[in-house]
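Notes to accompany the following structure.
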Amino acid sequence: MSDPATLSLAEARVQLNRGAISPQELEAACRARIEQWQPRINAFVDTATRKPSAGEGPLSGVPLAHKDMFYRAGLVSNCGSKIRKGWVASETSAALERLDAAGALDMGALNMSEFAYGPTGHNDHWGDCCNPWNPAYITGGSSSGSGAAVAARLAFGALGSDTGGSVRLPASACGVTGLKTTWGRVSRHGAMPLSHSLDTIGPLARSAEDCALLFSAIAGHDERDSITARAPVSVNLGQPIRAISLSSAWIERNAHPEMAAAVLAAAKAMGVKLVEVEPPPFDLLSAHCLTLMGPEASAQHAQWMRERPRDYSSAVRARLETGFAVPAAQYLEVLRLRALWLERFVGQTLADADAYLVPTIAVPLPTREATGPKGGPDMPKLLGEVTRLTRWVNYLGVPALSVPCGFDSRGLPMGLQLVGRPFSEGTLLAIGHAYQRVTDWHCRTPALR
Amino acid sequence: MKHWVDEVISRQGIELAPGRAEKMAPGVEGLLAAVAKDPLLGELEFEVDPTTYTLARDHLK
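Protein sequences, first through last, are from chains R and Y. Position 100, counted from 1, in the first sequence is what numbering that gives the first Met the number 0 calls 99; the numbers after and before it change by one each time, with no gaps. Position 41, counted from 1, in the second sequence is what numbering that gives the first Met the number 0 calls 40; the numbers after and before it change by one each time, with no gaps.
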């Protein structure tokens, strides 16, 4: 067998069940790759085993690793920060409990943007996480280590969080599949909070099929997170798909030509009916997302911002300062508008379709230098372009799946996202799976040079 | 005289570097302008509050 770490999670499960490979061999293969790749990409902040595989569950023996913000009782969660460096959690997050119950191995803690408040993967305290396809480029954030580790085949899957794009941006930039779940689909108990109206938890993995296995394990109601819904969790990757809606003219006008060509080619390759619709007002809804995210994140961090502001990086401190300036009445007005916008999206954009297709990142992936501390005056505009098509989804609170759809002329991955109605993760995964059965973008792996 | 952004933030106990409020203000004002020109404001019924969203989410699945 070639390197078993390069199997998909679904394939690895089959091999484990057949006895063709042992859990120890699978872990050793991943750890050998971690040793090779870590100096190049800095995906892990800790490679010590956090929870051994146990039991006979559906993920028994499968090596995973997670963003360093999912608490585990008795172990450190640094949250990508200086302020929480060495902080020991007293309880285990609900999502990790469920993965533990499914038998998964937790191999270590993954790098992330400081307090999950940054879209690029820069980190002044723990070192930048670098893109496995070319370390000069961003991984996307804030689940930077999750995207990089899965892309480099260091782990078969990883949990991330998505408040404004933090699962989908690294999935797209690193060439893996990432699922942003419906707000309230996966319990956030024991996960570091950023913005309670927007925070969601979801998996990054090598394929939609792999994401489906992880999603099925972690989703569902939890008494400890009052927003979690009781809607049943069901994934049928073979379910029929009615149609996909998209806004081709908008994509051609606004996305980089290479991205537009890749996304529109992918739409045709999906083999389902395509419906042209007016695009949602991405920029307005993105602004609304920031109107919620800013004050909520600033309130969460208010005490530390008063007592130890210099312990934040300058970029995160600046974002947190801004949130204190948004008036409460405007914040609440945006929350009141949220149901109307959701009704509009479901009733118009998805009126005749199961999902809406749009690029995940519409512009060429920027370098770490251009978007870092020495980025220059254009940096805010560049960051706005990177996140332009992800934040609106968080405002609506709906699920979205980012899947690889090609590589640009620099050899960097490109991704598209499928956005659905609330609790339609199973439908999005079925569309993604069908697409990945006729394409191989998700199978390509970066070379260690 | 302090910039309004500086005034609002410093009253909450947050210290801003000199010139920071002026730099931040266009972004904040952009967010406020987005609320003011939201085309659905006219359809927003008086009885709607932030919790209405959760009901819509569950209803629209």
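Virtual Cβ for every residue (Gly too), placed ideally from N, Cα, C.
For residue i and residue j, what's the separation of their Cα atoms in angstroms?
i      : j      : result
R:P22  : R:L15  : 7 Å
R:V149 : R:M106 : 13 Å
Y:I13  : R:R229 : 40 Å
R:G126 : R:P38  : 11 Å
R:F422 : Y:A33  : 28 Å
R:T119 : R:L95  : 25 Å
R:D453 : R:N110 : Shown here, chain R extends from 0 to 448; a query on residue 453 of chain R therefore has no answer.
R:S225 : R:R409 : 45 Å
Y:D37  : R:L283 : 8 Å
R:V13  : R:N77  : 35 Å
R:G56  : R:T370 : 42 Å
Y:A35  : Y:T53  : 23 Å
R:A172 : Y:F45  : 43 Å
R:P131 : Y:H2   : 44 Å
R:E457 : R:S1   : Limits of chain R in this structure are 0 at one end and 448 at the other, which puts residue 457 of chain R out of reach.
R:T5   : Y:A24  : 49 Å
R:R343 : R:K272 : 22 Å
R:P376 : Y:E21  : 15 Å
R:S285 : R:S196 : 14 Å
R:S141 : R:K380 : 18 Å
R:G139 : R:H65  : 16 Å
R:M191 : R:P445 : 31 Å
R:S89  : R:R305 : 25 Å
R:K84  : R:S215 : 32 Å
R:M378 : R:P372 : 9 Å
R:Q435 : R:A9   : 14 Å
Using CA coordinates, which residue listed in the options is at the minimum distance from residue i?
i      : options                          : result
R:E275 : R:I243, R:M258, R:F69 and R:M304 : R:I243
R:G102 : R:H255, R:S142, R:R367 and R:L63 : R:L63
R:G210 : R:A260, R:S92 and R:G159         : The sequence shown places Cys at residue 210 of chain R, rather than the Gly named in the question. For the residues R:A260, R:S92 and R:G159, the minimum Cα distance to R:C210 belongs to R:G159.
R:S401 : R:G146, R:S7 and R:P376          : R:G146
R:T348 : R:M378, R:A286 and R:P280        : R:P280
R:Q329 : R:V357, R:G374 and R:M292        : R:M292
R:F43  : R:P192, R:E26 and R:C129         : R:C129
R:A93  : R:P131, R:F69 and R:W36          : R:F69
R:W314 : Y:E28, Y:D37 and Y:R19           : Note on identity: in this sequence residue 314 of chain R is Ala, with Trp being the wrong assignment. Of the candidates Y:E28, Y:D37 and Y:R19, the one whose C-alpha sits nearest the C-alpha of R:A314 is Y:R19.
R:V262 : R:G414, R:G144 and R:P376        : R:G414
R:R310 : R:C288, R:G79, R:Q435 and R:V271 : The question names Arg, but residue 310 of chain R is Asp in the sequence shown. Answer by Cα proximity: R:G79.
R:A327 : R:S89, R:P294, R:P51 and R:S285  : R:P294
R:G237 : R:A433, R:P445 and R:G18         : R:A433
R:V166 : R:G189, R:I40 and R:G117         : R:G117
R:V175 : R:I20, R:C442, R:S141 and R:K373 : R:C442
R:S312 : R:P3, R:D351, R:N41 and R:K81    : R:K81
R:P278 : R:T290, R:R252 and R:A338        : R:R252
R:R223 : R:R30, R:I217 and R:G189         : R:G189
R:A31  : R:A19, R:L153, R:S112 and R:R83  : R:L153
Do residue j and residue i come within 8 Å of each other at the CB atom, strictly closer than that value?
i      : j      : result
R:R367 : R:H121 : yes
R:P398 : R:L178 : yes
R:M258 : R:A361 : yes
R:R205 : R:S59  : no
R:A28  : R:F155 : no
R:V418 : R:A354 : yes
R:N393 : R:T227 : no
R:F114 : R:L168 : no
R:I240 : R:P358 : no
R:A108 : R:T91  : no
R:V333 : R:H287 : yes
R:P308 : R:R316 : yes
Y:L30  : R:R420 : no
R:L104 : R:V75  : no
R:V234 : R:G219 : no
R:A266 : R:L356 : yes
R:G164 : R:R17  : no
R:P3   : R:E24  : yes
R:G431 : R:A264 : no
R:L203 : R:A254 : no
R:A338 : Y:A55  : yes
Assuming residue i contacts residue j under a Cβ cut-off of 8 Å, what Cβ separation, rounded to an integer in Å, is found between them?
i      : j      : result
R:R184 : R:D198 : That pair is no contact at about 12 Å.
R:R335 : Y:V47  : 5 Å
R:T46  : R:I33  : 6 Å
R:A151 : R:W340 : Not confirmed; about 38 Å, so no contact.
R:G396 : R:W182 : 4 Å
Closest Cβ-Cβ distance between residue i and chain A: below 8 Å?
i      : result
R:Q329 : Given the protein chain composition of this structure (R and Y), no chain A is represented.
I'd like to confirm something about residue i: is its beta-carbon nearer than 7 Å to some heavy atom of the ligand MG, or not?
i      : result
R:P294 : No copy of the ligand MG occurs in the structure displayed, which carries no ligand at all.
* To do: For the stretch 396-409 of chain R and the stretch 31-41 of chain Y, state whether three or more C-beta atom pairs, one from each stretch, are separated by less than 8 Å.
  => No, because fewer than three Cβ pairs between the stretch 396-409 of chain R and the stretch 31-41 of chain Y fall closer than 8 Å, the two stretches do not touch.
* Are the stretch 133-149 of chain R and the stretch 365-381 of chain R touching, with three or more C-beta to C-beta distances below 8 Å? -> yes
* Three or more beta-carbon pairs under 8 Å between the stretch 317-326 of chain R and the stretch 8-25 of chain Y, yes or no? -> yes
* Please confirm if the stretch 86-100 of chain R is in contact with the stretch 301-317 of chain R, defined as three or more CB-CB distances below 8 Å between the two stretches. => The stretch 86-100 of chain R vs the stretch 301-317 of chain R: no contact.
* **the stretch 239-253 of chain R / the stretch 207-222 of chain R touching (three or more Cβ pairs under 8 Å)** => no
* Stretch pair the stretch 424-438 of chain R + the stretch 379-392 of chain R: three plus CB contacts closer than 8 Å -> no
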